[in-house]
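Protein chains in written order, with my numbering: chain A, 127 to 241; chain B, 411 to 525.
Written out as structure tokens, the structure reads:
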């Protein structure tokens, strides 16, 4: 089945530093989604990407849909303590077929921000 | 509004109990999902309902029984669970708009403990 390789697995950074994480796949995805999850809560959608090459920002967050449609990255600028959490990438296959709507998740990046 | 609500927030049950998890969305989404999540792992898909019909069952044991009473509601009926079923159960909805702009929004989850 499809797998997403997300890296790094964890990051320990100082407040104010920039963060970068990425996901790669052996298969093509039609949509890339980035989520943040706090302990005991559900994942919150940060950014959705729908076109190869698309670069989208949401405040201090920037994400890009790779041109090959097999990768995506998420950058966080000027990190703050509330950025702490687990970040997941997720890919959706093309519309139609039995796999439609089935998200494939990366293993997550655990982010720790030291004040 | 991108809110998916889930009740209860926490649930403790014995292995002989019957309980139900509830999920609601009012975003007009055509698809609703149940996921199971263990600590620090990505969510694992259990069931997908599309237009109120079960479209995907990821070989989930029959002690988990989903139900979609209408387009806004999704239930998960639990019976004779095992301690290893303890996890965070997440509901998600998605599918509004164009097919090529599919996304999924998650609820806050129900933390289930089976004793």
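Backbone N, C-alpha and C fix where the C-beta goes; we use that ideal spot for every residue, glycine too. All figures in this text were calculated on a predicted structure; none of them were measured in a lab.
CB contact below 8 Å: residue 519 (chain B) versus chain A: Here the question's residue 519 (chain B) lines up with position 109 in the second chain. Yes, residue 519 (chain B) lies at the interface with chain A (some Cβ there is under 8 Å from its Cβ).
Residue 450 (chain B): contacting residues in chain A (beta-carbon distance under 8 Å): Taking the first residue of the second chain as position 1, residue 450 (chain B) is located at position 40. By Cβ distance, chain A contributes 212, 234 and 236.
Residues that DSSP places opposite residue 487 (chain B) in a beta bridge: Reading the second chain from its first residue, position 77 is the one you call residue 487 (chain B). Residue 487 (chain B) pairs with B:430 and B:475.
Counted within 10 angstroms of its Cβ, other Cβ atoms place residue 459 (chain B) as buried (16 or more) or exposed: By 1-based counting over the second chain, the position of residue 459 (chain B) is 49. Residue 459 (chain B) is buried by the Cβ-count criterion.
Straight-line Cα distance separating residue 474 (chain B) from residue 230 (chain A): Within the first chain, numbered from 1, the residue matching residue 230 (chain A) stands at position 104. Within the second chain, numbered from 1, the residue matching residue 474 (chain B) stands at position 64. For residue 230 (chain A) and residue 474 (chain B), the distance between alpha carbons rounds to 22 Å.
Extent of the continuous beta strand (DSSP E) run through residue 174 (chain A): Counting from 1 along the first chain, the entry for residue 174 (chain A) is found at position 48. Residue 174 (chain A) -> beta strand (DSSP E) spans 170-175.
Every unbroken beta strand (DSSP E) within the segment 135-187 of chain A, with a cutoff of 3 residues, ordered by chain: 136-140, 145-151, 157-163, 170-175 and 181-184
Cβ pair count under 8 Å reaching 3, the segment 182-195 of chain A against the segment 129-136 of chain A: no
CA-to-CA distance, residue 141 (chain A) to residue 481 (chain B), given in whole angstroms: Taking the second chain and counting its residues from 1, one reaches residue 481 (chain B) at position 71. Taking the first chain and counting its residues from 1, one reaches residue 141 (chain A) at position 15. Straight-line Cα distance between these residues: approximately 44 Å.
Unbroken beta strand (DSSP E) run spanning residue 520 (chain B), endpoints: Walking along the second chain from the start, residue 520 (chain B) turns up at place 110. Run containing residue 520 (chain B): 520-524, per the beta strand (DSSP E) assignment.
Cβ of residue 181 (chain A) within 8 Å of any chain B Cβ: Along the first chain, one-based indexing puts residue 181 (chain A) at 55. Cβ-Cβ to chain B under 8 Å: no for residue 181 (chain A).
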